[in-house]
Amino acid sequence: MDVRDLSLAPKYIEHFETQGIESLYPPQEAAVEAGITRGERVVAAMPTASGKTLVAQLAMLSADGPALYVVPLRALATEKYDTFAELPDVSVGIATGDYDADDESLDEHDIIVATSEKVDSAIRNGANWVEAIACVVVDEVHLLNAHGRGPTLEITLAKLRRLVPDQQLVALSATVGNAAEIADWLDAELVRSTWRPIDLRTGVYDDGEVTFDDGTTLSIVPGDEPPTTALVADTIDDGGQALVFVNSRREAETLAQSLGVHGFRQAPDVAAEIGTGATTSTGQALAEAADGGVAFHHAGLRPEHRSIVERAFRERDLAVLCATPTLAAGVNVPARRVIVRDHERFTGDGYEPLPILEVHQMFGRAGRPGLDPYGEAMLVATGVDADALCEQYIGTEPERVESKLDSREALRTHVLATLAGGFAGDRAELDALLASTFFAHQRDAAELTDLVDEVLSYLDATGMIRRDDGLVATDLGRLVSRVYVDPLTGAAVVEALGTAATMDRVTTLTVLEIVCDTEDMSTQYVRTEEAGRLSEFAMRNADQFTKPVHDFEGNFQSWLATVKTARLLDDWIAGVGLPELDERYGVAPGDIRRLAERAEWLLSATEVIAEHLLTGPTPGIGAGQDSETEYEPVLERLRETRQALLDAADD
DNA sequence: GACATTATCATATAGACAGCATGTC
DNA sequence: CTATATGATAATGTC
């Protein structure tokens with residue numbers, strides 16, 4: 001089908017043509033036939049890089065009103081924003097936690113790009129733009145399967161549908177086994193395709209030979225070097241680039257280092273760009289590797305370094321990229337050859353094989369349309385049975401997408417949000433909403449009953465809801481939902497604030513401890529050698545902590561991780577530099593940045609809760625009724641610390 | 001006795017969403 | 001309380 005045949009305004013057709021898009025790819029054509037331009041609800045299950053973005057654009061441009069594009073990552077939001085912003089006479093807005101147009105003006109846009117959490121938050125807070133949306137496009141719907149974030153997506157979709165019943169919905173998914181089930185849930189037509197714009201062959205390397213799914217083989221006999229090195233060198237000799245996936249940051253770095261000495265490509269400019277101001281060990285290692293045309297990529301990198309690496313690789317200044325799975329799900333960084341060196345990952349429950357879907361996503365990064373003649377992706381069999389590996393991952397169908405809503409964590413926050421947002425005022429209405437979720441479609445909403453009971457009791461006990469006359473969120477409950485923290489965090493903060501308000505010494509360390517000791521803060525790893533020093537530090541500063549250091553109840557070891565995080569952020573605020581922090585705590589620059597960002601967010605949430613405690617009646621939790629309770633000094637310290645954190649980020 | 005090889009043991013383990021108030025595409 | 005690779009240190013082996 002030709003682009004001209006679409007019932008689209010000429011300016012858009014012209015735009016696509018200048019982009020070199022003249023005819024539709026088969027899966028795009030199928031989506032059009034299914035009615036995406038006629039307002040039909042469609043689920044399109046197709047490989048990455050097979051033209052999903054155009055499918056989305058066709059739906060959004062032909063919709064009768066503003067459109068919303070939902071993504072799972074902030075980085076993807078900016079990527080899509082840039083793409084859509086090029087459309088003629090289309091006003092695009094972006095709504096993510098870090099990068100936010102103001103709420104009021106969002107309804108002036110034709111297209112809004114947002115993360116699923118931001119949409120959830122907007123619904124919770126009754127943002128006016130939400131109900132105006134005529135067409136919702138959900139990118140990567142298969143993330144319904146993800147622990148933690150999957151439930152947010154399905155609840156958000158259920159609520160959106162409730163708010164705007166006649167809204168068009170287009171969901172884009174990776175090719176998963178039960179896409180039909182998702183489509184069925186969404187009352188959408190399923191379009192399924194495995195077509196790719198560039199040939200991809202996948203295979204397994206074992207003992208000097210790669211065996212591909214199309215029957216071909218590739219002989220690569222390594223000398224002394226590891227097979228991965230030989231596989232990399234081979235594609236570079238052939239004029240291609242290689243992307244290697246490994247399972248830890250350290251592996252990514254050491255592999256980059258060992259490959260860097262080959263000097264595959266000279267990239268002094270990239271090295272220089274990274275090198276300027278690269279004071280940390282991570283930064284220096286990166287600059288060094290980049291000099292030889294190799295780089296590594298993981299979440300410990302500073303965002304600036306990350307984007308330099310991504311750009312340099314896209315522009316072919318770098319020959320090899322050694323990456324953790326950040327790159328498989330993130331922005332588009334394709335390479336001719338993808339090598340999945342590690343197919344297992346530590347999960348906290350031993351090493352587990354990577355999900356098929358994830359490996360296929362990695363594979364999908366192989367082949368740059370228009371630049372490479374083909375793409376090839378391979379697993380490396382080292383010490384495992386190559387046949388088993390092949391059987392498991394090559395040409396197989398990914399796992400089914402299964403709702404993860406039946407978890408205490410998910411229900412805790414979403415039950416509260418549902419009550420607080422006015423989606424339900426009693427148990428029957430709550431059950432009705434839950435009955436419209438993917439979980440209910442796939443299993444049975446009745447399976448949630450016990451967990452919901454448990455969660456309601458918890459929310460009642462912590463003063464976030466009242467159950468006397470139906471189900472009603474209290475002021476505190478509405479607040480907790482609005483600032484988007486886990487009820488567990490809310491309760492912990494209320495309790496800690498109560499203690500802090502009776503303390504003589506409330507310092508930056510105190511308020512940092514409060515926010516670091518919550519469910520929403522990621523915990524740090526405490527080395528055994530570090531544990532002694534940390535507990536000594538805790539003893540010495542016992543008067544500044546809300547937890548009783550000397551007669552501690554509960555898990556002291558895990559609280560030390562809290563102390564470590566609080567102390568680290570305290571140092572960061574005090575002006576200690578990234579290299580120093582890296583050395584002292586073994587925390588990479590990118591992690592510091594994220595920790596600071598989260599702490600700042602949680603401090604502001606805590607601030608709101610503290611203000612509530614100050615003015616409103618104290619709920620029946622924690623200390624707080626006696627006359628010595630002083631919230632003002634705590635509040636002041638919270639504000640001060642948050643500001644200090646913001647200032648520290650500027651340097 | 002100097003040094004190489006091997007046994008033992010400790011260590012560390014992917015990623016990343018959200019609020020609010022201002023002014024940055 | 002799960003598993004594996006790595007790096008440091010100790011123990012053993014070789015010339």
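In terms of full-length UniProt numbering, the first sequence has 307 at position 307, counting the first letter as 1, and numbering is strictly consecutive.
All C-beta atoms, glycine included, are put in the ideal place defined by N, C-alpha and C.
- Using DSSP with H/G/I as helix, E/B as strand and the rest coil, what is Val576? It is coil, neither helix nor strand.
- Item | Beta-bridge pairing of Ala114 - partner residues as DSSP gives them | Bridge partners of Ala114: Val70 and Ala95.
- Query: To which residues of the same chain is Gly620 closer than 8 Å at the C-beta, ignoring the five residues directly before and after it?
  - Reply: Any reading at Gly620 needs caution, since the residue's pLDDT is 48, under 50, leaving its predicted position unreliable; the model's value is listed next. Residues Gly463 of the same chain have their beta carbon placed closer than 8 Å to that of Gly620, with the five preceding and five following residues left out of the count.
- Under a three-way DSSP split, which group does Arg637 fall into? It is helical.
- Message: Across the region 557 to 577 and the region 263 to 271, are there enough close Cβ pairs to call them in contact, namely three or more that are closer than 8 Å?
- Response: Verdict: no, contact absent.
- Query: Touch check for the region 281 to 294 and the region 215 to 231: three-plus C-beta pairs under 8 Å?
  - Reply: No, because fewer than three Cβ pairs between the region 281 to 294 and the region 215 to 231 fall closer than 8 Å, the two stretches do not touch.
- Considering only the beta carbon of each residue, do Thr78 and Glu117 sit closer than 8 Å? Not closer than 8 Å, so no.
- Item | Nearest residue (CA-CA) to Glu189, options Tyr351, Ser173, Thr276 and Ala561 | Minimum Cα distance to Glu189 is reached at Ser173.
- For the candidate residues Ile308, Gly293, Asn247 and Gly260, whose alpha-carbon lies nearest to that of Thr276? Distance from the Cα of Thr276 is smallest, within the candidate group Ile308, Gly293, Asn247 and Gly260, for Ile308.
- So which of Gly490, Phe545 and Gly370 has the shortest CA-CA distance to Met503? Closest option to Met503, Cα to Cα, is Phe545.
- Message: What does the Cβ neighbour count give for Asp98, buried or exposed, with the cut at 16 atoms within 10 Å?
- Response: With fewer than 16 Cβ atoms within 10 Å of its Cβ, Asp98 is classed as exposed.
- Query: By Cβ distance, which residues of its chain are closer than 8 Å to Gln361, with the 5 residues on each side in sequence left out?
  - Reply: Excluding sequence neighbours, Gln361 sits near Thr48, Ala174, Ala328 and Ala329.
- Message: Please classify Asn541 as buried or exposed, where buried requires at least 16 neighbouring CB atoms within 10 angstroms.
- Response: With 16 or more Cβ atoms within 10 Å of its Cβ, Asn541 is classed as buried.
- Message: Taking the alpha-carbon of Glu429 as reference, which of Leu568, Arg162 and Phe438 has the nearest alpha-carbon?
- Response: Comparing alpha carbon positions, the residue from Leu568, Arg162 and Phe438 closest to Glu429 is Arg162.
- Where do the ends of the beta strand (DSSP E) carrying Ser219 lie? Element bounds for Ser219: Thr217 to Ser219.
- Query: Excluding five sequence neighbours on each side, which residues of the same chain lie with their C-beta closer than 8 Å to the C-beta of Arg639?
  - Reply: For Arg639, where only same-chain residues beyond five positions count, the Cβ hits under 8 Å are Glu607.
- Message: Taking only three categories from DSSP, how would you classify Ala44?
- Response: In this structure, Ala44 counts as strand in the three-state DSSP scheme.
- Query: If we count the other Cβ atoms within 10 Å of its Cβ and call it buried at 16 or more, is Ala180 buried or exposed?
  - Reply: Ala180 should be labelled exposed.
- Using only alpha-carbon positions, find the residue among Arg412, Thr641 and Pro398 that is nearest to Gly148. The residue with the shortest Cα to Cα distance from Gly148 is Arg412.
- Assuming Leu169 contacts Val119 under a Cβ cut-off of 8 Å, what Cβ separation, rounded to an integer in Å, is found between them? At roughly 13 Å, the Cβ-Cβ gap does not stay under 8 Å, so Leu169 and Val119 are not in contact.
- Item | Backbone CA spacing between Leu87 and Glu14 [nearest angstrom] | Approximately 10 Å, taken between the alpha carbons.
- Query: Taking buried to mean at least 16 other C-beta atoms within 10 Å of its own C-beta, is Gly622 buried or exposed?
  - Reply: In this prediction, Gly622 scores a pLDDT of 49, lower than 50, which makes its location untrustworthy; no coordinate-derived value is stated.
- Is DSSP giving Thr202 helix, strand or coil here? In the structure shown, the three-state DSSP call for Thr202 is strand.
- Message: Looking at the secondary structure, which residues open and close the beta strand (DSSP E) in which His305 lies?
- Response: Note, His305: premise wrong, no beta strand (DSSP E); alpha helix (DSSP H) at Pro303 to Arg314.
- Of the residues Thr508, Arg505 and Val515, which one's Cα is nearest the Cα of Leu488? Nearest of Thr508, Arg505 and Val515 to Leu488, Cα basis: Val515.
- Message: Using the three-state DSSP reduction, which class does residue 654 fall into: helix, strand or coil?
- Response: Any question about residue 654 goes unanswered here, given that the chain covers just 1 to 651.
- Query: Could you give the residue range of the beta strand (DSSP E) that holds Ile356?
  - Reply: Premise fails: Ile356 lies in the alpha helix (DSSP H), Ile356 to Phe363, not in any beta strand (DSSP E).
- Task: Give me whichever residues DSSP pairs with Gly375 in a beta bridge.
- Result: DSSP, once it has assigned bridges, lists Leu200 as partnering Gly375.
- Item | C-beta atoms of Ala252 and Thr347 nearer than 8 Å | Between Ala252 and Thr347, the C-beta gap is not smaller than 8 Å, which leaves the two residues out of contact.
- Query: Hey, Val340 and Leu379 are a contact pair by Cβ (cut 8 Å); roughly how many whole angstroms apart?
  - Reply: About 5 Å separates the two Cβ atoms, so the contact holds.
- Taking the CB atoms as reference points, tell me whether Ile123 and Pro66 lie closer together than 8 Å. No, the pair does not count as a contact, with Cβ atoms beyond the cut-off.
- Message: At 3 residues or longer, what runs of the beta strand (DSSP E) sit wholly inside the region 231 to 275?
- Response: Whole beta strand (DSSP E) segments, 3+ residues: 242 to 245.
- Query: Considering Tyr12, what are the terminal residues of the beta strand (DSSP E) in which it resides?
  - Reply: For Tyr12, no beta strand (DSSP E) encloses it; the enclosing alpha helix (DSSP H) starts and ends at Pro10 to Thr18.
- Excluding sequence positions up to five away, which residues of its chain have a Cβ less than 8 Å from the Cβ of Leu497? Excluding sequence neighbours, Leu497 sits near Ile514, Thr606, Ile609, Ala610, Leu613, Gly622, Tyr631 and Val634.
- With a 10 Å radius around its C-beta and 16 neighbouring C-beta atoms as the bar for buried, classify Val261 as buried or exposed. So Val261 ends up on the exposed side.
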